[in-house]
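The number in the numbering used here is simply the position in the sequence shown, starting from 1, with 548 added.
Just so it is clear, CB atoms sit at the ideal spot from N, CA and C, and this is done for glycine as well.
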Amino acid sequence: MNGNPKKIMLVFGTRPEAIKMCPLVNELKTRRGVETVVCVTGQHREMLRQVLDAFRVEPDYDLAVMKPGQTLFDVTERVLEGMKAVLAEAKPDVVLVHGDTTTTFASALACFYLGIPVGHVEAGLRTYNIRAPYPEEFNRQAVGSIASYNFAPTALARDNLLREGKPPQSIWVTGNTAIDALGTTVVSGFEHPELTWAEGSRLVILTAHRRENWGEPLHHIFRAVRRVVEEFDDVKVIYPIHLNPLVRQAAAEDLMGCERVRLIEPLDVVAFHNFLARSYMILTDSGGIQEEAPSLGKPVLVLRDVTERPEGVKAGTLRVIGTNEDVIYQEFKALLTDEERYNAMSTAQNPYGDGLASCRIADILTKGRATV
Ligand code: UD1
Ligand code: UDP
């Protein structure tokens, strides 16, 4: 490509990609001399719509690929085929993808096949274990090998890319756009009926949905939570459940009827961030929440064996504890009873940037360098 791109397409399809791409869409739309086009794959439907509405982003293209119980094959082939047609019509100079989902991988692959440059937002996160998280680690590495612009959220992510032989001039450390989003959502005085229900108790937010946790690991998580809640009558848990029927079924089996656990529908991002801000602690296998919690100073027990976000572990906010029922039970209890441990994990620190990541990425694309 000669000079800066004039037509920039952003492609995303799931809730977390949307939360971290919408701030960039809105930033790019303020820039003169560049056309911003949004294509959603619709890998998620309702959960994507919640985010688009919150950030007032209306897509130019929607591949609407989601079907209930979709497989990796379904999503990959539908996104690849759908993107072929959209790219042929829109002819963007560059396509920006985010993170590590199947949408990210398949749309980057479509660009590669058509010779269209790819920019990877949230580049360089690694576990170097191709099976964990699955298939996200593969997706990241594959997109990493395709991308010509790599927007790394941290210096550690940049170093991963350099070690892999990516040209230094293709990498920029920008911060994570998750922090840009967080800066616009958390407000004092936020009210919600579920928060009223939790008043006077220690509120724990639970989320779990990862593929590698489907089946037995999810049951371990839920049984451990139930055991702790039954022991501590000042603890209430809110679990906004992912719309995946497999996850909902497992949660219903183990947690239904537990008085101090509320299973609720996915919250819109503004509400969810305010729930996090009001919580005592968080239990999660999510990626994005590991980036948000350190800013809010909320201790997180990470329900995975490995994390590609070691910055939050180093900052002291995250503890990676896996999915063994007894370990979760002990670790959860320890944060409720051991004040020293709790205080050590609840200092607000933010290793993911200053909330200006979108501005930097837009600068790099439109001016060739960041001006903030
Ligand atoms: C996907 C991503 C994962 C990301 C997660 C965020 C892949 C392989 N996985 O996993 O990296 O962490 O999104 O949440 O890309 N569903 C709905 N409505 C929705 C969304 C999902 O009904 O709005 C149900 C559907 O039955 C769908 C199922 O959830 O088939 C699974 O969705 P899918 O995107 O395939 O997988 P996730 O587990 O959400
Ligand atoms: N989130 C949300 N509503 C919810 C649960 C989570 O808006 O009910 C947000 C959360 O703040 C984070 C993102 O969704 O920004 C994480 O998405 P998810 O856990 O689905 O995916 P992951 O981050 O694991 O890829």
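Limits of the unbroken beta strand (DSSP E) element including residue i
i	result
R867	866 to 868
Y890	Premise fails: Y890 lies in the alpha helix (DSSP H), 887 to 893, not in any beta strand (DSSP E).
Beta-bridge partners of residue i, as assigned by DSSP
i	result
Y609	C587
M631	Partner(s): none; M631 has no beta bridge.
G667	L644, Y697
F560	V588
T755	T832
L849	L831, R867
K555	E583
C-alpha distance - residue i paired with residue j, whole-angstrom precision
i	j	result
D886	T584	50 Å
M569	P814	19 Å
N708	V691	14 Å
K881	E739	28 Å
A825	N898	14 Å
S834	I753	12 Å
T871	E637	46 Å
T651	E888	42 Å
V776	T855	24 Å
T914	Q598	29 Å
A658	T744	47 Å
L751	A772	16 Å
L635	N792	30 Å
L831	I876	9 Å
V783	R808	7 Å
P847	F823	14 Å
C587	E747	41 Å
R604	H646	19 Å
I664	K639	9 Å
H821	V734	6 Å
F660	A703	27 Å
L849	L673	20 Å
Y921	E685	An answer regarding residue 921 cannot be provided, because it is not within the stretch 549 to 920 covered by the chain.
Y787	G713	41 Å
G561	M829	29 Å
DSSP-derived helix/strand/coil call for residue i
i	result
M829	strand
R750	strand
Y661	helix
W720	strand
P788	strand
V920	coil
V489	Because the chain spans 549 through 920 in this model, residue 489 falls outside it and cannot be assessed.
M595	helix
A566	helix
Q838	helix
V573	helix
P618	According to the sequence provided, residue 618 is Gln. The question's Pro does not apply to it. In this structure, Q618 counts as coil in the three-state DSSP scheme.
V623	helix
A638	helix
N677	coil
T855	coil
D816	coil
R688	helix
Continuous alpha helix (DSSP H) stretch holding residue i: start and end
i	result
R810	No alpha helix (DSSP H) contains R810, which is instead part of the beta strand (DSSP E) from 809 to 812.
V773	764 to 779
G860	858 to 862
L904	Neither: L904 is in no alpha helix (DSSP H) and is coded neither H nor E.
I727	725 to 733
N708	703 to 711
F738	From DSSP, F738 is part of no alpha helix (DSSP H); its letter is neither H nor E.
R796	793 to 803
Nearest candidate by alpha-carbon position, reference residue i, set the options
i	options	result
L730	D782, S843, K862, E670	S843
I909	V669, V773, H767	V669
V643	W745, L883, L558, T919	L558
G864	P858, M893, V848	M893
Q591	R580, T619, F603	T619
V795	D728, K846, D782, I769	I769
A799	F823, P765, D816, V861	P765
N574	A905, R706, Y900, P681	A905
E873	G860, L851, N891, K862	L851
G581	T589, E594, T895, N552	N552
F653	I664, N677, P683	P683
P564	E839, I869, G903	E839
D601	K577, P616, I567	I567
P571	G916, I912, C907, T919	C907
G630	A756, S655, W762, I789	S655
L803	E778, S693, G836, W762	E778
D728	T919, Y900, K555, A918	Y900
S696	T732, I719, E685	I719
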